[in-house]
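S.K.: Pasting a structure below so you can have a look.
Rendered as structure tokens:
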């Protein structure tokens with residue numbers, strides 16, 4: 036694994052530099068779906084990422100609506116929020132596990148220039164996992180606060196929302212950067228080596 040500069044670490048990164056996402060200019064996002072090598076795997080990859088974005092956004096809306104008193108009472112919130120949060124976190128963890136164990140090594144092997152980018156993505160997974168654990172702890176604290184009453188729960192929702200906002204911001208940057216590496220790689224080398 037390459038050393039990762041502080042500027043390239045996920046919390047500090049706004050985009051991947053062109054020397055890392057070296058295929059991005061050749062394969063702009065606006066043209067991905069019309070490329071002859073765009074196939075089922077690329078479409079599925081983007082669909083999974085879109086679902087992670089949508090699920091995370093829905094959870095944040097749910098927590099904000101509860102905090103603002105717009106979403107029923109504490110019991111209804113607990114009954115819907117925790118199962119959905121658990122499903123979301125399992126989905127995210129499973130996705131990262133498949134990437135780290137199966138896809139990243141294969142994409143990395145397509146072109147040695149991709150190694151630095153995939154080192155970054157693997158490091159991102161560690162950073163995201165720490166943020167997941169922090170958000171999960173805040174969610175547990177929120178559930179415990181709800182046992183003390185809705186007002187206590189609404190105050191605890193502030194902490195959860197802040198931690199989840201941080202997680203979702205990290206995840207959004209990571210997903211965009213990952214797409215900028217993976218999809219152009221599939222277009223350049225086809226999906227066949229990744230199956």
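Residue numbers (my numbering): 36 to 230.
Note that the Cβ used here is the ideal one computed from N, Cα and C, for glycine as well.
None of these values were measured; they are calculated from a predicted model.
Are there three or more Cβ pairs, one per stretch, closer than 8 Å when the region 146 to 160 is compared with the region 62 to 81?
M.R.: no
S.K.: Inspect the beta-carbon positions of residue 170 and residue 192 and report whether they are closer than 8 Å.
M.R.: no
S.K.: My assumption, with CB atoms under 8 Å, is that residue 83 sits in contact with residue 130. Please give the rounded CB distance.
M.R.: 6 Å
S.K.: Let me check understanding here. Comparing Cα to Cα, which of 147, 40 and 80 lies closest to residue 133?
M.R.: 80
S.K.: Between the beta-carbon of residue 233 and the beta-carbon of residue 41, is there less than 8 Å?
M.R.: Since the first residue shown for the chain is 36 and the last is 230, residue 233 is missing from the structure and cannot be characterised.
S.K.: Nearest by alpha-carbon distance to residue 68: which of 222, 227 and 109 is it?
M.R.: 222
S.K.: Give a yes or no on whether the minimum CB-CB distance between residue 197 and chain B is below 8 Å.
M.R.: The structure shown has no chain B; it contains just one protein chain.
S.K.: Between residue 87 and residue 210, which are expected to be in contact by the criterion C-beta below 8 Å, what is the C-beta distance as a whole number of angstroms?
M.R.: Sure, about 7 Å apart at Cβ, within 8 Å.
S.K.: If you draw a straight line from the alpha carbon of residue 109 to that of residue 218, how long is it in whole angstroms?
M.R.: In this structure, the straight-line span from the alpha carbon of residue 109 to that of residue 218 is close to 42 Å.
S.K.: With respect to the alpha helix (DSSP H) encompassing residue 200, which residues constitute its N-terminal and C-terminal limits?
M.R.: Per DSSP, the unbroken alpha helix (DSSP H) holding residue 200 starts and ends at 185 to 224.
S.K.: Write down every uninterrupted run of the alpha helix (DSSP H) in the region 50 to 110 whose length is 4 residues or greater and which is fully enclosed by it, in chain order.
M.R.: 75 to 102
S.K.: What's the call for residue 35, buried or exposed, on a 16-neighbour Cβ count within 10 Å?
M.R.: Residue numbering for the chain in the displayed model covers 36 to 230; residue 35 lies beyond these limits and cannot be assessed.
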